[in-house]
């Protein structure tokens, strides 16, 4: 770099990455602008702390991440009001959407953010209205007892939706700490040698998986959606990450294994689920429907090539410079809060009604009809071939996981065989796509996956995971 003035950051264009004319020096101010917010974000979303059921414990008893602890505290203080806030949010969404659709007000149509939020397609408007109907019926217990029962509408409105409401608030406000200050650029460069060759994905996608695994699958989906809209993921990459790497949290794995009364096999479960997740991530994206999704960006971003390592640079050195470069473009504090508020409104308005609508419909089918029993029958010969006891009883739990991940553990908890209960617990977590939360959440985002495609992905993950889980179960029991 001799004969050149010192420059703060590497500047690499999309067409060429000529680093011979730039300096590698980074001053302490630039480093701290990347390091401090990124470390805060990393601690909030990823760092495991020993906290279970509202109290701090030893690591051997379980752990979660700080944002989950914040979520628990807020839920604890506002538990009586959260269902009403959810209903109010959904009703405001429907009223605003109907007003926009019918009146076409210029104030909304000329505002890109409000237009994207409220001027939706007719199909999405219908789903929002259906979600509002289910929410109001459940909250006020209006006539349709099968809707507002504790196992259907009550499960969603009083247990799931308050969690999502709080998670959306915290994630929307704090996700910019991961997105805007260079952490993903730094991790993306470091992990590209693993994620690209194995999974064909950007290195930064490893953060999505880690946030899901230690925190919650919804956080991974939200993070993926934001990266898609920012132009860092293609449509196919976002779809693959959301359906393969937005894993069920370790904490919820403990809840599931406890439901089937096999807590002592928790570590075994985590290992089996991780193995299934890796195998499915290697295979499912190469099959329909994920293989047919366009590998194009919905937003142009000149930094999408940031993981290409220039000649003569180390991974750490180049990753640090890309991180500092991103941090230099970070928003002001006011813009940070403004963007966080928009994120929150985007999730509250765009996602809550969809999850309420699709989740309720799925649970109605699961609880009030024999549909999932019939759908599970073709799996009986497969289960018998795998030498799983009580194959007929277990078959009833397989497809019901598409409606809600916890239902298989509830239904299968009375089966006498420990091996079978272990298989049910591991499979329900490995299937990953369940409409009461992650599935409905994906449909409410910009990630280009349809309901039918989610069903196919669910079936593929089931067929691939089941033999692996059965083999491991026979080795354990």
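Numbering (this note's numbering), first residue to last: 1 to 477.
By construction, the Cβ of each residue, glycine as well, lies at the ideal position given by its N, Cα and C atoms.
Keep in mind that this is a model prediction, so the values were computed, not measured.
For residue j and residue i, the rounded distance between their alpha carbons
i           : j           : result
residue 263 : residue 57  : 16 Å
residue 102 : residue 350 : 19 Å
residue 462 : residue 158 : 29 Å
residue 45  : residue 113 : 26 Å
residue 383 : residue 396 : 12 Å
residue 191 : residue 204 : 7 Å
residue 401 : residue 279 : 20 Å
residue 29  : residue 442 : 39 Å
residue 238 : residue 217 : 14 Å
residue 452 : residue 144 : 28 Å
residue 360 : residue 104 : 30 Å
residue 245 : residue 210 : 9 Å
residue 328 : residue 33  : 8 Å
residue 257 : residue 269 : 8 Å
residue 176 : residue 223 : 10 Å
residue 376 : residue 89  : 37 Å
residue 42  : residue 178 : 7 Å
residue 405 : residue 135 : 21 Å
residue 22  : residue 170 : Low confidence applies here, because residue 22 scores a pLDDT of 41, under 50, leaving its location unreliable; read the following figure in that light. Approximately 39 Å between the Cα atoms of the pair.
residue 472 : residue 385 : 15 Å
residue 292 : residue 234 : 13 Å
residue 320 : residue 168 : 30 Å
residue 240 : residue 444 : 16 Å
residue 450 : residue 70  : 32 Å
Status (buried if at least 16 other CB within 10 Å, exposed otherwise) for residue i
i           : result
residue 271 : exposed
residue 474 : exposed
residue 68  : buried
residue 267 : exposed
residue 162 : buried
residue 346 : buried
residue 212 : buried
residue 434 : buried
residue 353 : buried
residue 80  : exposed
residue 468 : buried
residue 208 : buried
residue 150 : exposed
residue 100 : buried
residue 316 : exposed
residue 54  : exposed
residue 337 : exposed
residue 312 : exposed
residue 335 : exposed
residue 64  : buried
residue 226 : buried
Segment limits, alpha helix (DSSP H) that includes residue i
i           : result
residue 439 : 438 to 443
residue 107 : 106 to 109
residue 292 : Looking at the DSSP string, residue 292 is not in any alpha helix (DSSP H), and its letter there is neither H nor E.
residue 318 : 315 to 328
residue 267 : 266 to 283
residue 344 : 333 to 368
residue 217 : 217 to 229
residue 247 : Looking at the DSSP string, residue 247 is not in any alpha helix (DSSP H), and its letter there is neither H nor E.
residue 387 : Taken as a continuous stretch (DSSP letters only), residue 387 belongs to no alpha helix (DSSP H), as it is neither H nor E.
residue 73  : 66 to 78
residue 103 : 82 to 103
residue 456 : 451 to 476
residue 401 : Careful: residue 401 lies outside any alpha helix (DSSP H) and carries neither H nor E.
residue 119 : Unbroken run through residue 119: none, as it is neither H nor E.
residue 162 : 161 to 174
C-beta atoms of residue i and residue j nearer than 8 Å
i           : j           : result
residue 108 : residue 119 : yes
residue 180 : residue 331 : yes
residue 403 : residue 428 : no
residue 299 : residue 206 : no
residue 424 : residue 248 : no
residue 265 : residue 476 : yes
residue 379 : residue 398 : yes
residue 221 : residue 430 : no
residue 96  : residue 344 : no
residue 165 : residue 255 : no
residue 366 : residue 407 : yes
residue 447 : residue 242 : yes
residue 324 : residue 31  : yes
residue 189 : residue 318 : yes
residue 432 : residue 155 : no
residue 75  : residue 82  : yes
Any chance the segment 195 to 202 sits against the segment 415 to 424, with 3 or more Cβ pairs inside 8 Å? Contact check between the segment 195 to 202 and the segment 415 to 424: fewer than three CB pairs, one atom from each, fall below 8 Å, which does not count as touching.
Validate contact between the segment 22 to 38 and the segment 170 to 188 using beta carbons, cut 8 Å, 3 pairs: Output reads yes: the segment 170 to 188 touches the segment 22 to 38.
So does the segment 376 to 394 actually touch the segment 436 to 455, counting three or more Cβ pairs closer than 8 Å? Cβ pair count under 8 Å is below three, so no.
Touch test, the segment 453 to 470 against the segment 279 to 293, Cβ-Cβ under 8 Å, three pairs minimum: As far as the Cβ criterion goes, the segment 453 to 470 touches the segment 279 to 293, which means the pair count is three or higher.
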